[in-house]
Structures are given as structure tokens and as C-alpha cells.
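In our numbering, the protein residues as written are 1344 to 1534.
Below, the structure is given as C-alpha cells:
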């Protein structure tokens, strides 16, 4: 037999549980709510097979995330933020090296890690993805500000990563410098 106090506690607990199930995000933090939105966006992207269409969808989704990114970069204290790190990847996938570099400076300063199943360290991932974004731009005949590429090399200079990854970024930097008429600068990166 339960006491009146126990019955009251059970009734209140049941009511609270019912409310939580009816509105599961009601008591979630803003960050948790944003993670739910990010997961929904990632499910949308997972349903797209074409890399070009996926990049176009990311371009469409990115403006929603910009206020979050700006807030973290302006006021952040270095706490792990999977949203920020995902947006950095999306920016690289869409060719926005400058925007990704802005996030990378913060991420590397505070030692943030990649979310989910990503196995590469942030400097390794960032260097490789910058190189790939620059290679896609070069293949499409688009220009890339070589200062962004050299800043990436400087930012990740002491990081441990496969030599091939750093070499890939040096090569594409050299190709852009060569195309821009800087033969000496190109040679320094291509050697």
C-alpha cells in the first residue's frame, strides 16, 4: 500500500513524463535542439548520392547555421561543438575555404575534435579538405586566394598527418602560384 505522498509523487512524475514525451525538446538546451536540427539536415544530405547535388544542398543549408557559427566564434570559450566542426566541413565541401579557415583557427586554438565517425584529427582533415577544395576549384578553372592555402599550411605546420596530405596542399598551392605568374613561389611549393 502506498502512502498519500507516494501516490502524489507518482502522479506528478507520470504527468511530467507524459509532457516530456509529448514535447521531447521542451527541456532541451539550445545546443541540443540545434543538434536535432543538424541530424535532420544530415539525414537529408545522406539521401543525396550526387556529390554536386550534395554540395548544392549544403550551400542551401549553410545560411541557417551562420548565426550559430558567428556566435561561437565571437563568444565561444573553446567547448567542443559538433555543429561548428560540421559546418567547417560543409564549407570546405562547398568550396568556401575562407569560411572554413575562420572556423579552423578557432578549432585548432582550442583543440576541438571532429564529430561522429570522423577518424582524422582536425588539422589533418582540414589540410586534406582544403587541398581537395582547391583542386576542385583548379579543375573547374576557378581561382583560389593562395594566401588561404599558405595560411592553412602555416596553421597546420606542426600537426601530425600523412606526408602525402601536406604534399597535396603544397602542390595545389604551387599550381595556383604558377598560374598567377609567381614562378619562384610556385617552385618553393612544388619542390
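No residue lacks a Cβ here, since even glycine has one placed at the ideal position from N, Cα and C. Please read these numbers as outputs of a predicted model, since none were measured by experiment.
N-terminal and C-terminal residue of the alpha helix (DSSP H) that residue i is part of
i: residue 1481; result: 1465-1482
i: residue 1451; result: 1440-1453
i: residue 1384; result: 1373-1389
i: residue 1495; result: 1489-1498
Closest residue to residue i among the options (Cα-Cα distance)
i: residue 1475; options: 1495, 1530, 1416; result: 1495
i: residue 1309; options: 1414, 1436, 1439, 1509; result: Residue 1309 lies beyond the stretch modelled for the chain, which goes from 1344 to 1534, so this question has no answer here.
i: residue 1424; options: 1378, 1433, 1388, 1489; result: 1378
i: residue 1394; options: 1482, 1437, 1347; result: 1437
i: residue 1373; options: 1431, 1480, 1411, 1432; result: 1411
i: residue 1384; options: 1450, 1430, 1457, 1502; result: 1430
i: residue 1460; options: 1468, 1523, 1454; result: 1468
Where residue i sits in the DSSP three-state scheme
i: residue 1532; result: helix
i: residue 1508; result: helix
i: residue 1410; result: helix
i: residue 1426; result: helix
i: residue 1502; result: coil
i: residue 1296; result: In the structure as shown, the chain starts at 1344 and stops at 1534, and residue 1296 therefore has no counterpart that could be examined.
i: residue 1420; result: coil
Check: residue i C-beta below 8 Å from any heavy atom of the ligand SAM
i: residue 1504; result: Ligands in the displayed structure: none, and consequently the ligand SAM is not present.
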